[in-house]
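Trainee: Sequential numbering from 57 applies to the sequence shown in the numbering used here. Heads up, the beta-carbon is just placed ideally off N, CA and C, and yes, glycines get one too. Structure incoming, see below.
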Amino acid sequence: MVNTHNSTRTFLSNGHTSPPVLIGKTSLLPALLIAEGYEKVIVTQPRRLLCTAICERVNETMTTNKDDIRIAGWAVRGAERDANAQILYLTDGLLKERLLHDTNLITNQSNNTKPIVFCLDEVHERSVNIDLCLALFARLLTDKPELMSKIKIIISSATLNSSIPNLYRQIPELKFDEFKMPTLETLHPVIKIERPNQNILDLVQELCKNRQRHDQILCFVSSVSEINQCCNLLKEISHGTLTAYPLFHSQSAIVQQKNIEQGSIFFSTSVAETSITFPSLKYVIDTGMNNIPVYDFDKKQITFMEIRVAESTIKQRLGRLGRTKPGEYYSLYDFKVEDEKYPIPQIRQSDLVNIEFSLRKSLIKNGLNYMKKFLPDPPDSQAINSAIEELKRLGLVDSQDKLTLDGIAISELPDFGSLAMSKSVLTALNKHNCGRDLIVLSSILSVLNTSSIFKAIPSSMKRPEGDFMTLLNVMNEILLVKKSVSAQQFKLSEICEAKKLTAIIYILKRALKRYINLEKSFNLSKEYREKAQRSSDDWKSIAKSLLKGYQENVFLSMKELRGKTHLFTRYSSSKNDEAVLDLQSTLTRAIRSAPVSLVLARDVRFSSSVRATTVLSFVGEIKSKWISYFLNRKITLNQVEKEKLTSDNILITEKQNFPKIQMQLNKHAVNLEGSAGYVLNAELDILQRLVEEIKYPLINKFKSSAISDFERMKTNLERVSKMLYIFDPMKWRWEAQNQVKITANNNTTNNDCEIIIEGQHSQNKSVKKELKSFLGWLKNCTVIRNVNSGVPPQTLKPAMRKTCLDIEERISRITDSKRTSIELWKSLKGSKATRETRMEVVAWISVCKFDCRLEGGFVRDWVVGNYTARPSGDSTTWLNTVSNEPYETAPTLNKELIPSDLDCHLPQNKYFDIDKFLDNLHKYQIEYEVFRESWRYILLLDRNAKTGPFTMDLIEPHIALTHDRIDLDVSNLSLDKNYTKELGMRVDITIKPYSIELETIVDNIKNKRFQVLRPIDKYVQIRIDKMQNRGWTQLGQPMNVIPDPPSKYQIVVVPLPESTALYKNLVQLMKSDIGNQVEVLFIDQIKNLLLEDAYLAIKQLIAKQCTGYNPNERELFHGTKGEGIGGILNDGSDDRYCGTKFRIGKWGRGVYFADNPGVSHRYTEVNSNDQTRIMYYNKVLLGNESILDEPNSELMLAPPGFHSTHGKSSGQANDDEYIVYHDTQVLPYLRITYKA
């Protein structure tokens, strides 16, 4: 390498140049060049820590006497040591600044004929500073070819895009050579092992079982948050036996070294690729991913995105091994390394505004449009032009692309890291007399890229105005002590210990150095020396200064705009970014507390790991009157709101109240223009004036003539009026998401309730739609359920349980709140992940994180049955759409797909935040689409996943209470949080007369059988057909499971659907036996709890007295009239209530029935009001029948040994009658209302 270097002006060292082969290109080559007679060698490094570490190593290894002059020095921004040494290690950012501004960097070497050597190291990283250094050297050698004899350039890289050598080859007369690194073995062998998609913590635990005592494990992950998560999870799942240590860029060198000395397991970002030495590294585990900032110049925002790393980075990570012992490299990625040899240059993914300005204020006096010809991979012209436009917006560049007075003034200030902060400092110096406050504040902000510092600041030092004033307060505390003691007495460590700031001493140390350097710079300025010492400690002045630089970062609480509490929106004309406050911010409020109204943020962070929102870091609370930038805002209105604006003279009043802004009503919007503070106040005032209160009564809309429907609805509304808490989740949701207040009041006079809604008309309209939907469900509900109705979760009985351990395992995967994210990731992306395991994770999130109840088909088919089936064809064909409500569509899946979907009931006792639910899905990289109906959320999940899509219903709790009946016994099971072995039932069917136990249901599912639990109408028939098409068998005849009436009542009456077979058969029977003129109006199902209990008791007694334990139960007709109609319904066939005269006939005093409705028809009578007749269809216990051919009107009881009389008709066949003499032998089953 030295020989090649001596024979050329510029050469590129390409290959495995990082330490895997320990060739010394960073530490040894510079010293060898000095030995060859070169007077100065300048070596760049990408990070501060590397500069100091390598410098120390060179001085230790290249000097035999400690008292000798140090051969190497280092320099970073704000600090340096032995900077005049022959070898200087400095950051590439500092070299860039010197190339831009230092005319003396390259001078004639009076005592040496050899040129100065610049070594650009780690060029494969392609940072912005590296590319700019490459461009500045290319420009220098192109424009001033005479300098070719004065400098030599070494470009050192692991792998490199051809654009860099091509850039230098095209420079005329430049001698260029490329040194290909020979393939050398590592000191110790390294084995590469592929483990694509394996869970990283599983692998760490596996390696820990086999490693030797001092072996170290280094794991590369994508982000700091992932580092912390892995460290915490490893400790949790190993029960504290394994401890991992974090390594990342913002740590101090002391903390990093301490972690390396203490630990043997490390999780790291890219910082460990080159910056850190591991004394006993045996294993490297590489996820192959990295989290990087990518700037979108259209949206003007930076988003942190997780992307695969390039081949050069893989080589660096692999190169950590083989230095001190044999190594093993485990790759968890499944991509081909060689597919992306080089990383995308950061300059093509970065915000170019600061770069553009730095070039314009430099000695070059030109921006990127000029410099792009010297860049190896220049940014797009559109991106460059966008940066220029932003400089114009900031008032730093004029229409002629020249620096404005502000631009010139800022160019003369020290570098504050961003133009926004520079502009803020300039404003503080010139306008608000708080220059020192902003300089101090900028000093600590410049060394902070995360807000974690606030966790370590004592509460007593935090300021109510927010993060800016808190940081300023901390710095002032330190500077006050520094000012009051001599330099020798000032001990930062002692001060931090006394003020409980030890945890952030490394940050304060850097901030203090930064402030001292800025102070020195301003002391040299005649114009600003005195202004830089003015301090106000006044937040208003400081905030106004910050607003000059960060006015685009003003965010308003969406609560003020009648949006979601604790969300913020950018208060501007064009952008509507939704944001949340950083959880570490001092302005973060408890979820039930009102948020701050208006904030100014330094950082607006967009991250691919945060769903749909940005994160505001380093924020302060501001007042509307402090913001003065010009703003145009639009308030969208519906027709009613537009009319209210004019009819109530709201617009006229607002114009009078806010004369300094322009207001105009256009179509369905109000446009506001003017100073932002006035616009904001006007906008909030208009929104408040548009709020109105409406009342929505929940009333019975059935006609009183529809007796059963009217009475059932009346009863249900009465129950609702006494359990208004069922609307709480709905109230919480509307207030949290739209600031709509809902109040539910009961009307004791009418036993119904009234809902009061307070919001804007468009919002109130949506609330009414939801309430209307509730009434629709309530209309079809037999008995609205209690919140805790059903059967609580219970384990299977021991005899069955021992054969169902697999069921319990699947239950626990959904209900065990202690499952770790590692287990969840396995189910989502592990080698054994399936559609079903992914559905389990979504179910787990809903049950364990959000307290939902899982019910229905998934519990039946997968949890208990372990059944799966896939339709033919690609998974993209499984999905269809259906229209459920007007103008609304929802996804639906192929019926052959098993399991199909997830059905969840939302919790009754807490607010379900759909956004937080979606955040959890996003956290686990689960793709989703949301559809909202008036009674549920429908989620389409995994549309594009290899395993195939599925859907999820999240049903509002007040709606769930109206779902009081169940179609099939096998669909009645439910799962609840932390019941890890138990199954519950939504509807209690264990009670008599149904007596269907949990074990029966499980056995039915395992054998693909089902019992129908309600009359088979067209909807139930669809479900039956679906089950039978899947190979299931229907058991026996349908049971008619009707919920018990409320405790206040003993009867419930519910319509029998016309589409049921029973309804059709009864109508046909009546027409054939009475006559075709019969018109059946409706048939009602009856449940009289007291009669049912008495009937079941006598049924057991009669069965005991009959052969084969058969009580001879029949379903028979009974005609009645007058007081008997209500008497039978309420009190059965007791003649005290249904009339004595109705019970006397040919076979004595009893209750008469017939299987021919024509016979019973004779006992009915026309109602003079509506011309209707009533007939009951009953369950009758005939037991042992006494068959009589001749009438006997004297009978008071059935003959001894018999339970009933069968009277033979002497006339037409099928005119027989059946008589029982105890009213408990009869259970009214159906009430038929008809005309004939």
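With a threshold of 8 angstroms on Cβ separation, who are the neighbours of residue 277 within its own chain once the five nearest residues in sequence on each side are excluded?
Mentor: Counting from one through the sequence shown, the residue named residue 277 turns up at place 221. Within the same chain, and ignoring the five residues on either side of residue 277 in sequence, the residues whose Cβ sits closer than 8 angstroms to its Cβ are 256, 283, 286, 323, 324, 325, 343, 345.
Trainee: Excluding the 5 residues flanking residue 985 on each side, which residues of the same chain have their C-beta closer than 6 angstroms to its C-beta?
Mentor: Here the question's residue 985 lines up with position 929 in the sequence shown. Excluding positions up to five away in sequence, the list reads 996.
Trainee: Quick check on the burial criterion: 16 or more other C-beta atoms within 10 angstroms. Buried or exposed for residue 541?
Mentor: Translated into the one-based positions of the sequence shown, residue 541 becomes position 485. Residue 541 should be labelled exposed.
Trainee: Do the CB positions of residue 320 and residue 372 come within less than 7 angstroms of each other?
Mentor: Counted from its first residue, the sequence shown places residue 320 at position 264. Counted from its first residue, the sequence shown places residue 372 at position 316. It is not a contact, given that the beta carbons lie outside the stated cut-off.
Trainee: How about the region 211-226 and the region 247-256: do they share at least three Cβ pairs that are nearer than 8 angstroms?
Mentor: Judged by Cβ distances under 8 angstroms, the region 211-226 makes no contact with the region 247-256, as fewer than three pairs qualify.
Trainee: Per the contact definition of three or more C-beta pairs closer than 8 angstroms, is the region 1219-1235 in contact with the region 1158-1168?
Mentor: The region 1158-1168 is not in contact with the region 1219-1235.
Trainee: Under 8 angstroms, with one C-beta from each stretch per pair, do the region 820-829 and the region 755-770 reach the 3-pair mark?
Mentor: no
Trainee: Here's a check: name, in chain order, each residue in its chain whose Cβ is nearer than 7 angstroms to the Cβ of residue 490, leaving out the five neighbours to either side.
Mentor: As a position in the sequence shown, residue 490 is number 434, starting the count at 1. Closer than 7 angstroms at the Cβ level, and outside the excluded window around residue 490, lie 484, 590, 591, 592, 594, 597, 598, 601.
Trainee: When you compare the CB positions of residue 186 and residue 148, do they come within less than 7 angstroms of one another, or not?
Mentor: Locating residue 186 in the sequence shown gives position 130, where the first residue counts as 1. Locating residue 148 in the sequence shown gives position 92, where the first residue counts as 1. Yes, the Cβ-Cβ distance between residue 186 and residue 148 is below 7 angstroms.
Trainee: Around the Cβ of residue 166, are there at least 16 other Cβ atoms within 10 angstroms (buried) or fewer (exposed)?
Mentor: Within the sequence shown, residue 166 is the residue found at index 110, counting from 1. Annotation note: pLDDT 46 at residue 166 (below 50); position unreliable, no value reported.
Trainee: Tell me, please, which residues DSSP counts as bridged to residue 672.
Mentor: As a first step, residue 672 is located in the sequence shown; it is residue number 616 there, counting from the start. According to DSSP, which records beta bridges pairwise, residue 672 is partnered with 637, 660.
Trainee: Ends of the beta strand (DSSP E) at residue 750?
Mentor: Within the sequence shown, residue 750 is the residue found at index 694, counting from 1. Per DSSP, residue 750 belongs to the beta strand (DSSP E) from 748-754.
Trainee: Alpha carbon to alpha carbon, what distance is there between residue 832 and residue 758?
Mentor: The residue labelled residue 758 in the question sits at position 702 within the sequence shown. The residue labelled residue 832 in the question sits at position 776 within the sequence shown. Going by the C-alpha atoms only, they are around 12 angstroms apart.
Trainee: I need the boundaries of the beta strand (DSSP E) containing residue 131, first residue and last residue.
Mentor: Stepping through the sequence shown from its first residue, residue 131 is reached at position 75. Unbroken beta strand (DSSP E) run through residue 131: 128-132.
Trainee: Is the region 778-789 touching the region 950-969, taking contact as three or more C-beta pairs under 8 angstroms?
Mentor: Yes, they touch.
Trainee: For residue 1033, I'd like the list of residues in its chain whose CB is within less than 7 angstroms of its CB, leaving aside the five on either flank, ordered along the chain.
Mentor: On the sequence shown, position 977 is the one that residue 1033 refers to. Closer than 7 angstroms at the Cβ level, and outside the excluded window around residue 1033, lie 871, 873, 903, 904, 907.
Trainee: Hey, is the region 405-415 in contact with the region 436-454, meaning 3+ C-beta pairs nearer than 8 angstroms?
Mentor: Yes, since at least three Cβ pairs between the region 405-415 and the region 436-454 fall closer than 8 angstroms, the two stretches touch.
Trainee: Alpha carbons only, please: which of 134, 1141, 1159, 627 is nearest the one belonging to residue 569?
Mentor: Here residue 569 corresponds to residue number 513 of the sequence shown, with the count starting at 1. The shortest Cα separation from residue 569 among 134, 1141, 1159, 627 belongs to 134.
Trainee: Shortest alpha-carbon distance to residue 457 belongs to which of 1095, 446, 466?
Mentor: As a first step, residue 457 must be located in the sequence shown, where it is residue number 401. That would be 446, whose Cα lies nearest to the Cα of residue 457.
Trainee: Along the chain, where does the beta strand (DSSP E) that runs through residue 808 open and close?
Mentor: Counting from one through the sequence shown, the residue named residue 808 turns up at place 752. Its beta strand (DSSP E) spans residues 808-815.
Trainee: Let me make sure I understand the geometry here. Which of 648, 557, 633 has the alpha-carbon closest to that of residue 667?
Mentor: Position 611 of the sequence shown holds residue 667. Considering only alpha carbons, the answer is 633.
Trainee: Let me make sure I understand the geometry here. Which of 1230, 103, 129 has the alpha-carbon closest to that of residue 181?
Mentor: Taking the sequence shown and counting its residues from 1, one reaches residue 181 at position 125. Measuring from the Cα of residue 181, the nearest candidate turns out to be 103.
Trainee: Considering only the alpha carbon of each residue, which of 486, 417, 433, 429 lies closest to residue 459?
Mentor: Taking the first residue of the sequence shown as 1, we reach residue 459 at position 403. Nearest C-alpha to residue 459: 417.
Trainee: Report buried or exposed for residue 353, applying the criterion of at least 16 other Cβ atoms within 10 angstroms of its Cβ.
Mentor: If you number the sequence shown from 1, residue 353 lands on position 297. Buried, because 16 or more other Cβ atoms sit within 10 Å of the Cβ of residue 353.
Trainee: Taking all protein chains shown into account, decide if residue 646 is buried (16 or more other Cβ within 10 angstroms of its Cβ) or exposed.
Mentor: The sequence position of residue 646 within the sequence shown is 590, counting from 1. Flag for residue 646 reads exposed.
Trainee: With a threshold of 7 angstroms on Cβ separation, who are the neighbours of residue 264 within its own chain once the five nearest residues in sequence on each side are excluded?
Mentor: Translated into the one-based positions of the sequence shown, residue 264 becomes position 208. Cβ neighbours of residue 264 beyond the five flanking positions: 298.
Trainee: Between the alpha carbons of residue 433 and residue 190, how many angstroms are there, rounded?
Mentor: Taking the sequence shown and counting its residues from 1, the one referred to as residue 433 is at position 377. Taking the sequence shown and counting its residues from 1, the one referred to as residue 190 is at position 134. Going from the Cα of residue 433 to the Cα of residue 190 covers about 11 angstroms.
Trainee: Tell me residue 1144's beta-bridge partners as DSSP assigns them.
Mentor: As a working mapping, residue 1144 is identified with position 1088 in the sequence shown. Answer is 1107.
Trainee: For the beta strand (DSSP E) holding residue 347, just list the boundary residues, first then last.
Mentor: On the sequence shown, position 291 is the one that residue 347 refers to. Unbroken beta strand (DSSP E) run through residue 347: 345-352.
Trainee: Applying the criterion that 16 or more other CB atoms from any shown protein chain within 10 Å of the CB defines a buried residue, is residue 708 buried or exposed?
Mentor: For this step, residue 708 is matched to residue 652 along the sequence shown. Residue 708 should be labelled exposed.
Trainee: Just tell me which of 1179, 405, 578, 1050 has its CA closest to the CA of residue 471.
Mentor: Counted from its first residue, the sequence shown places residue 471 at position 415. When only C-alpha atoms are compared, the closest one is 578.
Trainee: Among 842, 770, 1201, whose alpha-carbon lies nearest the alpha-carbon of residue 808?
Mentor: As a working mapping, residue 808 is identified with position 752 in the sequence shown. Comparing Cα positions, the closest option is 770.
Trainee: Say whether the region 876-886 touches the region 1009-1029, bearing in mind that this needs 3 or more beta-carbon pairs closer than 8 angstroms, one atom from each stretch.
Mentor: no
Trainee: My guess is that residue 398 and residue 366 are in contact by the Cβ rule of under 8 angstroms, so how many angstroms apart are they, rounded?
Mentor: Taking the sequence shown and counting its residues from 1, one reaches residue 398 at position 342. Taking the sequence shown and counting its residues from 1, one reaches residue 366 at position 310. The Cβ separation is near 5 angstroms, so the contact holds.
Trainee: What first and last residue would you give for the beta strand (DSSP E) that runs through residue 49?
Mentor: In the structure as shown, the chain starts at 57 and stops at 1292, and residue 49 therefore has no counterpart that could be examined.
Trainee: Using a 10 Å radius around the Cβ and a threshold of 16 neighbouring Cβ atoms, would you call residue 1226 buried or exposed?
Mentor: For this step, residue 1226 is matched to residue 1170 along the sequence shown. Looking at its Cβ environment, which holds fewer than 16 other Cβ atoms inside 10 Å, residue 1226 is exposed.
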